[in-house]
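Down below is the structure, laid out as structure tokens.
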Amino acid sequence: MRPIDGTRIKESLTCERSPWLDFHGPRDRILQPTERMRVLFQSGQRLEERILAGMDVESVRFEPGRFDEGFAATLDAMTRRVPAIANGVLKLGEFLGRPDLLLLSDAGVYEVADIKSTQKVHAAAQMQIAFYSRMLGQIAKPPRFGHVILRSGERWTFALDEIAASLERLLARLQTLRNRVDSDPGPHRVEACTDCRWLAVCMDDLESSDDPSLAQDVTREQKAALASAGVTTLRAASAIADTRAVADAAGLAHDLVTRFARRARAVTEGRPQFYGAVRPELATADLALAAVVDDRAKDAIVAVAGIVASRPDRFRVRWLRTREHAQPQQEFAELVRNLARTQGPLLIYGPNVRRALEEGLDLDPSLADTVEALLARTLDVRGELRRACALPGFDRRPADAARAAGLTVDDDDGIDLAALRHLEDEASADVDSIARLLRRDLDVMLALRTFVLAGTASS
Ligand code: SF4
-16 MRPIDGTRIK
-6 ESLTCERSPW
4 LDFHGPRDRI
14 LQPTERMRVL
24 FQSGQRLEER
34 ILAGMDVESV
44 RFEPGRFDEG
54 FAATLDAMTR
64 RVPAIANGVL
74 KLGEFLGRPD
84 LLLLSDAGVY
94 EVADIKSTQK
104 VHAAAQMQIA
114 FYSRMLGQIA
124 KPPRFGHVIL
134 RSGERWTFAL
144 DEIAASLERL
154 LARLQTLRNR
164 VDSDPGPHRV
174 EACTDCRWLA
184 VCMDDLESSD
194 DPSLAQDVTR
204 EQKAALASAG
214 VTTLRAASAI
224 ADTRAVADAA
234 GLAHDLVTRF
244 ARRARAVTEG
254 RPQFYGAVRP
264 ELATADLALA
274 AVVDDRAKDA
284 IVAVAGIVAS
294 RPDRFRVRWL
304 RTREHAQPQQ
314 EFAELVRNLA
324 RTQGPLLIYG
334 PNVRRALEEG
344 LDLDPSLADT
354 VEALLARTLD
364 VRGELRRACA
374 LPGFDRRPAD
384 AARAAGLTVD
394 DDDGIDLAAL
404 RHLEDEASAD
414 VDSIARLLRR
424 DLDVMLALRT
434 FVLAGTASS
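In this text, residue positions in the sequence shown follow the working numbering: the first is -16, and each later residue adds one.
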């Protein structure tokens, strides 16, 4: 039986079926990592090497997969009071821990530090560190603190007792998933499925059971509530006639059930469903903005681009990330002032542009009033799409929505991967990939505008 380890701790917070399949699923159906996952994995490895290279550490050596050997070598290093131990192994019964670093504190206690390729501390990272620390406490003096080393190299320290109770609940749940083959949480379609090694197994299960989550944007809890009202399949969801009665029976908001029934209909019929009207300004807006936001980095706002709908040759990118451009403050100020000279709504898609404008104020707080006026002019194409129609697919990014709407999307994977490689690999000079991504997003956004206007006009 496979052990409970840090990966399963982390993945169970996104989808409980993933660890269950790791314990009981058909291993011959595991998919190879997607190219996106490979890029992220390699980036994580490079970051770890870079951070460890700047530290005085002793690395535990053992043959790949021989964790008993690794555990013995880790214990040996701890016995010798090595100040910083990298690549250690903790192995106790059904638990396996691979902490990035064991650091000897001033109080003479070993503490866990994990290197994360983000700039924010996520619950999953804390939970993994708490798990390793719990194991550490069974073989040495229990640590009181855990540490996350962020992408920038900064260290973030937290008290382990803050999440000790949550960790115990999570471990109990993982033990149930491991020890009981009948504890399958079942598949549930979420965006994370796209890169999941179990996608082939789960898609078969989802389709054969006609699972309501194929309509997307429905949580497991909402799916269970709908089931309690007798709606257990996508077909049943698409056939809901009395949405109010279902909402009352399920204890869900009426709006939510109405939206869900429409999405279910879009998926079962394989085409968008139009049912409402858009704001009139959507038709007249002539300026569209897009931004690349890299949440994994400290200076998250990478670039903002604009295009004039009636003159698509008028496309411009402003670079706001320090390492990409020498003068982000000047770029931001020019961006804001140029936009302030325009009139009419500013088409955007989702939260990125608003975030870029708001966070850009850190570069020049004197522009607060002008930025506020610009934010008031934004008109979200995704919001208008949702107001007027249900798509048979995800709509988080413009390209996703366009694909769901049946529109042609240029070189979708290639552009996204090139941009991701650029963001993940600081040595990459392919700045053009970001410009291509922004141009693609803007073109797609304008195509979505045409699509929704045509659909609402004819419905
Ligand atoms: S494919 Fe989706 S439902 Fe299945 S294990 Fe992966 S994330 Fe969970």
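Cβ coordinates follow ideal geometry from the N, Cα and C atoms, glycine included.
All of these numbers come straight from a predicted model, not from anything done at the bench.
With contact defined as three or more Cβ pairs closer than 8 Å, the region 254 to 262 and the region 274 to 294 are not in contact. Straight-line spacing of the CA atoms in E41 and D167 works out to 41 Å. Between the ligand SF4 and A198, a heavy atom-to-CB distance of less than 7 Å is absent. The C-beta distance from P125 to E94 rounds to 10 Å, too long to fall under 8 Å, and the pair is not in contact. Of the heavy atoms belonging to the ligand SF4, none sits nearer than 7 Å to the Cβ of L217. Contact between T353 and I331 does not hold, since the beta-carbon distance rounds to 17 Å and is not under 8 Å. Closest option to A271, judged by alpha-carbon separation, among P295, T251, A249: P295. Note on geometry: alpha-carbon atoms of V22 and S100 lie some 12 Å from one another.
DSSP places E94 in the strand class (E or B) of the three-state scheme. Closer than 7 Å to some heavy atom of the ligand SF4: that describes the Cβ of P170. For S221, the Cβ stays outside the 7 Å cut-off from all heavy atoms of the ligand SF4.
Taking non-hydrogen atoms of the ligand SF4 into account, the C-beta of V173 is found less than 7 Å away from one of them.
The region 80 to 91 makes no contact with the region 156 to 173, as fewer than three CB pairs between them are under 8 Å.
The three-state reading of DSSP puts L344 in coil, since its state is none of H, G, I, E or B. Beyond the five residues adjoining it in sequence on each side, G343 comes within less than 7 Å, by CB distance, of I284, L303, F315 in the same chain, given in chain order. Taking the CA atoms as reference points, Y115 sits about 45 Å from T251. Two segments are said to touch when three or more pairs of C-beta atoms, one from each, lie closer than 8 Å; by this definition the region 5 to 13 does not touch the region 388 to 403. Setting aside the 5 residues that flank it on each side, V214 is surrounded in the same chain by P195, A220, I223, V229, A233, each with a C-beta closer than 8 Å to its C-beta; the list follows chain order.
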